[in-house]
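Asker: Shown below is the structure under consideration.
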Amino acid sequence: MTTLLSAKRAKGRAGRAGDTGRTGGAGGARGAKRAGRQLHGGRITYAVLIVFTVGSLFPLVWTAVAASRNSSRLAQTPPPFWFGSNLFKNLEIAWTDANMGTALLNTTIVAGSIAAGTVLFSTLAGFAFAKLRFRFKNLLLLLVIGTMMVPPQLSVVPLYMLIAELSWTDQLQSVILPTLVSAFGVFFMRQYLIEALPTELIEAARVDGASSWRVVWHVVLPAARPAMAVLGMLTFVMAWNDFFWPIIALTQNGNPTVQVALTGLGRGYIPDQSVIMAGALLGTLPLLIAFVVFGKHIVGGIMQGAVKG
Amino acid sequence: MASDAPAAAPSQGEEGAAPRDRSDGAADDRRRARRSRRYRLDVKWSPYAFVAPFFVFFLAFGLFPLLYTGWASLHRVELTAPTDMEWVGLRNFSRLLEDEFFWNALKNTVTIGLISTVPQLLIALGIAHLLNYRLRGSMFFRVAALTPYATSVAAATLVFVLLFGRDYGMINWALGLVGIDNIDWQNGEWTSQLAVSTIVIWRWTGYNALIYLAAMQAIPNDLYESAALDGASRLQQFIHVTVPSLRHTILFTCVVSTIGATQLFGEPLLFNGSAGATGGADHQFQTLGLYLYEQGWVNLHLGRASAIAWSMFLILLVIGAVNWLLARLLSKGA
Chain A
1 MTTLLSAKRA KGRAGRAGDT GRTGGAGGAR GAKRAGRQLH GGRITYAVLI
51 VFTVGSLFPL VWTAVAASRN SSRLAQTPPP FWFGSNLFKN LEIAWTDANM
101 GTALLNTTIV AGSIAAGTVL FSTLAGFAFA KLRFRFKNLL LLLVIGTMMV
151 PPQLSVVPLY MLIAELSWTD QLQSVILPTL VSAFGVFFMR QYLIEALPTE
201 LIEAARVDGA SSWRVVWHVV LPAARPAMAV LGMLTFVMAW NDFFWPIIAL
251 TQNGNPTVQV ALTGLGRGYI PDQSVIMAGA LLGTLPLLIA FVVFGKHIVG
301 GIMQGAVKG
Chain B
310 MASDAPAAAP SQGEEGAAPR DRSDGAADDR RRARRSRRYR LDVKWSPYAF
360 VAPFFVFFLA FGLFPLLYTG WASLHRVELT APTDMEWVGL RNFSRLLEDE
410 FFWNALKNTV TIGLISTVPQ LLIALGIAHL LNYRLRGSMF FRVAALTPYA
460 TSVAAATLVF VLLFGRDYGM INWALGLVGI DNIDWQNGEW TSQLAVSTIV
510 IWRWTGYNAL IYLAAMQAIP NDLYESAALD GASRLQQFIH VTVPSLRHTI
560 LFTCVVSTIG ATQLFGEPLL FNGSAGATGG ADHQFQTLGL YLYEQGWVNL
610 HLGRASAIAW SMFLILLVIG AVNWLLARLL SKGA
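This is how it looks when you write it as structure tokens:
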């Protein structure tokens, strides 16, 4: 009875702690902004930023322009600057000939699983490193940080032998499993939870007899939710765009992710430039839509990770 | 100790526990003891359970492959029969030292790394400075700056291949407007490396700008005020206040970009179109990452690929040590 009650109380408090954590974070950012400069940008500032923005967005917009033309129009000067009428035809060819349908589905599964696994395992480990006491904690944390420095090239040869041995070539788990945890994620969650999760809250739940798993469920997860969302988005973007290992583990005509399918397009299995651009557009569009919807949070997450990392 | 622990169990004064009869006190004690033992086990072992998934996966897919790569680099291993290993000692490494393509790839990696990282970080610093002003639509500018980061290597490179096209590419067309003849971006040595670097710069400048922006917002305003009182212009404030305050962040982005540059792979692979992993007809933009892939998965020499991987790691360690020394010198100088 008491445990339930206090767990509920702890949960309520954790929820509030999460909220204050969030607003505290925003307040901190606002405070920091006050610390930084408040001068208004002049005309030159806007002019330079607009040029930079055009440079950032133009290749993406032009991908759509090129995808809406045909290849003979792309082989003329001046190049096209505005949309033509072939977009849906090219998208259809890319969809069927380059396996884009399978590829998009595969990439969604891969990036989704990796994001979910990374968020879950990073939160657990981050919580342990931030708030719990155990032997070898500092040594293990150092090991986590150290692994961030190891380049992925160092593991591809044995990983390839491993998946060949297991006959996992062209199967999605060969791409999912090696990237299911991330040292960056553990570090990111640790840094967040040190501040956002009051130690008294954990102690209160403990005093009420809550086991560690109950503490995680009722106290840690509610408090960690904002950071989990950010980490999930960042991991999803990274996993969606991952290139080096998928192109070794998967084949273009078997069971590709979007990036592997695009490699096939670029290497000229389908020589039509406008179809290649249609494929590139298909592979980029889901993330661009996510950026329009969640862009603010992704930007916030990167800036937060930067200050604390 | 043991007498403290039962505090974890619900104690008197609270509903449920208080009205209990004294007669089942013994059972109560036993239950309490059991609960406190479970509690102590829980506190002791659950931290390990929480960090275990990370380390299990890390050992299986991180540390083991890392060491095994070292082991494989001392063998002759072919992709066609990966379990068939023949001990050759350091021969893979000594062959690399005599291999002109290895040195060529190393040189290209350094050059492309420099001409992509240096402008990238400088532009990012400038853009971050501008984004730090109070702006209308500042969130729009930030999100727009980050969109290239959401674009994959493959998609970005395919677009830039078209933009850098020799005959009909938009860049040559624009250069033609100011009277510059068509440049063969893919086949020239400098031009191809510049084009590959452009893709890297495009994808990562906004990301780095946001990192700088975050650090800039933490600089206290008094520093600027006192600099202004001393008569420093905006540019002088930027050079003497902003940049020194960002020293650690700048070092951090240098390290991260260096690691990224050492691993450059997708851009040079796809910039070559259908020609494969050679990095251009003359290997003019073949990087170490691409050379590793060519040796392992085109020429099927996994042992040699492993030796390249370890060489890259050693180079990174050297760069790391240089960075660390620089950081020490910088902080001493301040």
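Chains A and B, in that order, are what the protein sequence lines are.
Sequential numbering from 1 applies to the first sequence in the numbering used here.
Sequential numbering from 310 applies to the second sequence in the numbering used here.
Backbone N, C-alpha and C fix where the C-beta goes; we use that ideal spot for every residue, glycine too.
#1: Mind listing the chain A neighbours of residue 351/B? Cutoff is C-beta to C-beta under 9 Å, in chain order.
#2: Looking only at its chain, what residues have a beta carbon closer than 6 Å to the beta carbon of residue 613/B, apart from the 5 residues adjacent to it on each side?
#3: Does the contact criterion of 3 or more C-beta pairs under 8 Å hold for the region 133 to 152 of chain A versus the region 276 to 287 of chain A?
#4: By Cβ distance, which residues of its chain are closer than 8 Å to residue 633/B, with the 5 residues on each side in sequence left out?
#5: Reducing DSSP to helix, strand and coil, say where residue 592/B ends up.
#6: Give me the subset of the region 96 to 124 of chain A whose CB atoms are less than 7 Å from a CB atom of chain B, sorted by chain position.
#7: Report the rounded CA-to-CA distance for residue 225/A versus residue 589/B, giving the unit in angstroms.
#8: Quick check on residue 356/B - is its C-beta less than 9 Å from some C-beta in chain A?
#9: Name the chain B residues that come within less than 9 Å of residue 259/A, Cβ to Cβ?
#10: If we count Cβ pairs, one from each stretch, closer than 8 Å, do we get three or more for the region 113 to 129 of chain A versus the region 189 to 198 of chain A?
#11: Is the CB of residue 70/A under 9 Å away from at least one CB in chain B?
#12: Express the C-alpha separation of residue 366/B and residue 177/A in angstroms, rounding to a whole number.
#13: Work out the CA separation of residue 240/A and residue 537/B for me, nearest whole Å.
#14: Does DSSP put residue 404/B in a helix, in a strand, or in coil?
#15: Give me the Cβ distance between residue 82/A and residue 54/A, rounded to the nearest whole Å; I'm assuming they're in contact under 8 Å.
#16: Residue 288/A touches chain B at which residues, Cβ-Cβ below 9 Å?
#17: Work out the CA separation of residue 232/A and residue 109/A for me, nearest whole Å.
#18: Quick check: the region 375 to 395 of chain B against the region 156 to 173 of chain A, are at least 3 beta-carbon pairs closer than 8 Å?
#19: Name the chain A residues whose beta carbon is nearer than 7 Å to that of residue 451/B?
#20: Does the CB of residue 84/A have a neighbour CB from chain B at under 9 Å?
#21: What are the residues that DSSP puts in a beta bridge with residue 335/B?
#22: Taking the alpha-carbon positions, what's the residue 361/B to residue 415/B distance?
#23: With DSSP as the reference, identify every bridge partner of residue 396/B, one or two as the case may be.
#24: Is the distance from the Cβ of residue 273/A to the Cβ of residue 122/A below 9 Å?
#25: Jot down the residue ranges of each uninterrupted alpha helix (DSSP H) in the region 407 to 472 of chain B, minimum 4 residues, whole runs only, in chain order.
#26: Got a sec? Which residues, its chain only, sit under 7 Å from residue 359/B by beta carbon, not counting five neighbours each side?
#27: State the beta-bridge partners of residue 229/A as determined by DSSP.
Answerer: Taking the definition as stated:
#1: 211, 212 and 213
#2: 401 and 604
#3: no
#4: none
#5: coil
#6: 121 and 124
#7: 47 Å
#8: yes
#9: 461, 462, 463, 464 and 575
#10: yes
#11: no
#12: 8 Å
#13: 47 Å
#14: helix
#15: Their Cβ separation, rounded to whole angstroms, is 16 Å, which puts residue 82/A and residue 54/A out of contact at 8 Å.
#16: 456, 459 and 460
#17: 14 Å
#18: yes
#19: 299
#20: no
#21: In DSSP, residue 335/B forms no bridge with anything.
#22: 38 Å
#23: 384/B
#24: no
#25: 409 to 440, 447 to 459 and 462 to 472
#26: none
#27: Beta-bridge pairing links residue 229/A to no other residue.
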